[in-house]
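Novice: Residues 2 to 349 (the numbering used here) make up the sequence shown, in order.
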Amino acid sequence: MIQQSDRILTIGPDPKAKGGMASVIAFLAPMYEPFHLIVTYKEISKIGKVLLFVNAVLKTFYYCVFRQIDVIHIHTANYIDFYRNSVLMYIGKLFNKRVLLHIHGSLFNEFYSTHPCFVASVCRSADALVTVSSTFVKMLRRYGLNEHIYYLPNCVELPELYRTEQHHNKLRLVFVGRINEVKGIYDVLECLHKYKEQLQDKVELHIGGIGDEERFLKMMTDYDLSSMIVQHGWVVGKEKEDLFCSSDVFIHPSHFESFGIAILEAMSYGLPVITTLIGGIPDFFEDKKSGVAVTPGNVDEIYEAILLFLNDRSCISRMGKYGREEAKRFTPLQIEQHLQNIYIKLFI
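1) State the DSSP-derived secondary structure class of residue 18, mapped to helix, strand or coil.
2) Alpha carbon to alpha carbon, what distance is there between residue 253 and residue 296?
3) Name the residue from 179, 309, 112, 280 whose alpha carbon lies nearest to the alpha carbon of residue 81.
4) Given this structure, state the Cα-to-Cα distance separating residue 31 from residue 135, to the nearest angstrom.
5) Excluding the five sequence neighbours on either side, which residues of its own chain have a C-beta within less than 6 Å of the C-beta of residue 151, listed in chain order?
6) Mind checking who residue 251 pairs with in its DSSP beta bridge?
7) Taking three-plus beta-carbon pairs below 8 Å as touching, is the segment 324 to 332 in contact with the segment 152 to 160?
8) Classify residue 2: buried if its beta carbon has 16 or more other beta carbons within 10 angstroms, exposed otherwise.
9) Whose CA, out of 271, 280, 244, 19, lies closest to the CA of residue 258?
10) Could you tell me which residues DSSP pairs with residue 232 in its beta bridges?
11) Could you give the distance in angstroms between the alpha-carbon of residue 125 and the alpha-carbon of residue 147?
12) Report the rounded CA-to-CA distance for residue 144 versus residue 121, giving the unit in angstroms.
13) Do residue 317 and residue 310 have their C-beta atoms within less than 7 Å of each other?
14) Measuring CA to CA, which of 198, 206, 186, 244 is closest to residue 216?
15) Where DSSP assigns a beta bridge to residue 132, which residues make up the other side?
16) Quick one: using the 10 Å Cβ neighbour count with 16 as the cut-off for buried, is residue 198 buried or exposed?
17) Helix, strand or coil for residue 74, going by three-state DSSP, please let me know.
18) Mind checking which residues open and close the beta strand (DSSP E) that includes residue 39?
19) Name, in chain order, the residues that DSSP records as bridge partners for residue 13.
20) Can you tell which of 64, 26, 14 has the C-alpha that lies nearest to the C-alpha of residue 50?
21) Enumerate, from N- to C-terminal direction, the unbroken alpha helix (DSSP H) stretches of 4 or more residues contained entirely within the segment 280 to 323.
22) Of the residues 137, 168, 226, which one's Cα is nearest the Cα of residue 315?
23) Determine whether the beta carbon atoms of residue 86 and residue 75 lie at a separation below 7 Å.
24) Compare the Cα-Cα distances from residue 9 to each of 223, 141, 226, 65 and report the closest residue.
25) Mind checking who residue 143 pairs with in its DSSP beta bridge?
26) For the ligand ATP, is there any heavy atom lying closer than 6 Å to the beta carbon of residue 204?
27) For the putative contact between residue 236 and residue 177, defined by C-beta atoms under 8 Å, what is the C-beta separation to the nearest angstrom?
28) Since residue 182 and residue 233 are thought to touch, with beta carbons under 8 Å apart, how far apart are those beta carbons, to the nearest angstrom?
29) Given a cut-off of 7 Å on the beta-carbon distance, is the pair residue 175 and residue 228 in contact?
30) Measuring CB to CB, does residue 92 end up less than 7 Å from residue 115?
31) From residue 277 to residue 323, what distance separates their C-alpha atoms?
32) What residue from 337, 241, 210 has the CA that sits closest to residue 26's CA?
33) Where do the ends of the alpha helix (DSSP H) carrying residue 49 lie?
34) Excluding sequence positions up to five away, which residues of its chain have a Cβ less than 7 Å from the Cβ of residue 293?
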């Protein structure tokens, strides 16, 4: 349990919302007693989001004035989320609170390049920055955004149930996450289209996610891939657990990732992974050991990776076991100690 939790205020998205940042807050919440949280994002209407932000501003004033809060821990991404949270950060600084800015956004580098002065001003006004990957730590230091920058990886619970030896006629690939360009799912569809003759009746792709379904469905129809794809919608809880446990390989060839929580979660279930080596992924994923790394956007390399698992099923079990062992380094207990050490430095 985090010490002096009653003096820490967390600001960020609703833990029940969809997405990596929300799942991180959901994992961290049990570490605090009590857990003071101001929600800045929910999946509601535009008017609802405006009212939610107004409520967040008022609550931030309330906590700063009437509660004994010393540290404000703000989880933020890029663009509108960063603008929104900068307002709350400056309210905290107005009342001499110590502010920890926890940067999650995978597109932060792009965001900084288009708004360098504003981003630098906000980051330097914070007492410390936290980010989820060693790559991002180096980037923030290179930009000189703060003297105090800490590495705090995301965490996953190690499930008691995990993938065991499967005996499917087809290789079951699974993708869980947002359906968009960034996550690389369209590259997977391009691969299935280009190599349909070789993969038809040998591979089955299971999709657990939401996003740009219109583009996804159009590609699936245009490429005539409906016989190779099973859609599950957004999966959580037991449904996601069952999907992971019944699959063979997790495929997530992302173009951008700040950390890659979905990939680590798949590894915790004993699934080998086809992914890329961008963002924070190399912090926990090893090419040829916990899966196969491909170049972002390279459909030929994705095909070769799929072919490896098709031709040598022993790779599935061997790489899956190695990945699960790696995931043990990122359980909540380990991350809680990292976070406690950061707070100690802020309280001193």
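Every residue, glycine too, gets a C-beta built ideally from N, C-alpha and C.
Specialist: This is what the structure holds:
1) Within the sequence shown, residue 18 is the residue found at index 17, counting from 1. DSSP places residue 18 in coil when its eight states are reduced to three.
2) Stepping through the sequence shown from its first residue, residue 296 is reached at position 295. Stepping through the sequence shown from its first residue, residue 253 is reached at position 252. Computed Cα separation, rounded: 12 Å.
3) Position 80 of the sequence shown, counted from the start, is the residue given in the question as residue 81. The shortest C-alpha separation from residue 81 is found at 112.
4) On the sequence shown, position 30 is the one that residue 31 refers to. On the sequence shown, position 134 is the one that residue 135 refers to. Answer to the nearest angstrom: the Cα atoms are 25 Å apart.
5) Residue 151 sits at position 150 when you count from the first residue of the sequence shown. Scanning its chain for C-beta atoms nearer than 6 Å, with the 5 sequence neighbours on each side dropped, one finds around residue 151 the residues 131, 343, in chain order.
6) For this step, residue 251 is matched to residue 250 along the sequence shown. 175, 274, per the DSSP bridge assignment.
7) The segment 324 to 332 is in contact with the segment 152 to 160.
8) Numbered from 1 along the sequence shown, position 1 holds the residue referred to as residue 2. By the 10 Å Cβ count, residue 2 comes out exposed.
9) To locate residue 258, count along the sequence shown from 1; it is residue 257. Closest option to residue 258, judged by alpha-carbon separation, among 271, 280, 244, 19: 280.
10) What you label residue 232 is simply residue 231 of the sequence shown in a count that begins at 1. Paired residues: 208.
11) To locate residue 125, count along the sequence shown from 1; it is residue 124. To locate residue 147, count along the sequence shown from 1; it is residue 146. Taking the straight line from one Cα to the other gives about 5 Å.
12) Counting from one through the sequence shown, the residue named residue 144 turns up at place 143. Counting from one through the sequence shown, the residue named residue 121 turns up at place 120. Residue 144 and residue 121 have their C-alpha atoms spaced approximately 8 Å apart.
13) Counted from its first residue, the sequence shown places residue 317 at position 316. Counted from its first residue, the sequence shown places residue 310 at position 309. Taking C-beta atoms as the reference points, residue 317 and residue 310 count as a pair closer than 7 Å.
14) Along the sequence shown, one-based indexing puts residue 216 at 215. Closest option to residue 216, Cα to Cα, is 186.
15) By one-based count along the sequence shown, residue 132 stands at place 131. DSSP output for residue 132 lists 104, 152 as bridge partner(s).
16) Taking the first residue of the sequence shown as position 1, residue 198 is located at position 197. Residue burial annotation: residue 198 is exposed, with fewer than 16 other C-beta atoms found within 10 angstroms of its C-beta.
17) Position 73 of the sequence shown, counted from the first residue, corresponds to residue 74. The three-state secondary structure of residue 74, taken from DSSP, is strand.
18) Position 38 of the sequence shown, counting from 1, holds the residue named residue 39. Going by DSSP, residue 39 is part of the beta strand (DSSP E) stretching over 37 to 42.
19) To locate residue 13, count along the sequence shown from 1; it is residue 12. For residue 13, which the question treats as bridged, DSSP gives the partners 40.
20) Here the question's residue 50 lines up with position 49 in the sequence shown. Cα-wise, what sits closest to residue 50 is 14.
21) The DSSP assignment places complete alpha helix (DSSP H) segments of no fewer than 4 residues inside the segment 280 to 323 at 300 to 312, in order along the chain.
22) For the purposes of this step, residue 315 is taken as the residue at position 314 of the sequence shown. Nearest C-alpha to residue 315: 168.
23) Position 85 of the sequence shown, counted from the start, is the residue given in the question as residue 86. Position 74 of the sequence shown, counted from the start, is the residue given in the question as residue 75. Judged by their CB atoms, residue 86 and residue 75 are nearer to each other than the 7 Å cut-off.
24) Against the sequence shown, residue 9 aligns to sequence position 8. Of 223, 141, 226, 65, the residue nearest in Cα terms is 65.
25) Counting from one through the sequence shown, the residue named residue 143 turns up at place 142. DSSP, once it has assigned bridges, lists no residue as partnering residue 143.
26) This structure lacks the ligand ATP; in fact it carries no ligand of any kind.
27) Within the sequence shown, the letter at position 235 stands for residue 236. Within the sequence shown, the letter at position 176 stands for residue 177. Right, their Cβ atoms sit about 6 Å apart.
28) Walking along the sequence shown from the start, residue 182 turns up at place 181. Walking along the sequence shown from the start, residue 233 turns up at place 232. The distance from the Cβ of residue 182 to that of residue 233 is about 21 Å, inconsistent with a contact at the 8 Å cut-off.
29) Residue numbering aside, residue 175 sits at position 174 when the sequence shown is read from its first letter. Residue numbering aside, residue 228 sits at position 227 when the sequence shown is read from its first letter. Going by C-beta atoms, residue 175 is not nearer than 7 Å to residue 228.
30) Against the sequence shown, residue 92 aligns to sequence position 91. Against the sequence shown, residue 115 aligns to sequence position 114. Taking C-beta atoms as the reference points, residue 92 and residue 115 fail to come closer than 7 Å.
31) As a position in the sequence shown, residue 277 is number 276, starting the count at 1. As a position in the sequence shown, residue 323 is number 322, starting the count at 1. Distance between the alpha carbons of residue 277 and residue 323: 17 Å.
32) Here residue 26 refers to the residue found at position 25 of the sequence shown. Measuring from the Cα of residue 26, the nearest candidate turns out to be 337.
33) Translated into positions along the sequence shown, residue 49 becomes position 48. Counting along the chain, the unbroken alpha helix (DSSP H) around residue 49 starts and ends at 47 to 67.
34) Numbered from 1 along the sequence shown, position 292 holds the residue referred to as residue 293. If we look at residue 293 and ignore the five residues flanking it on each side, its Cβ neighbours are 275, 306, 309.
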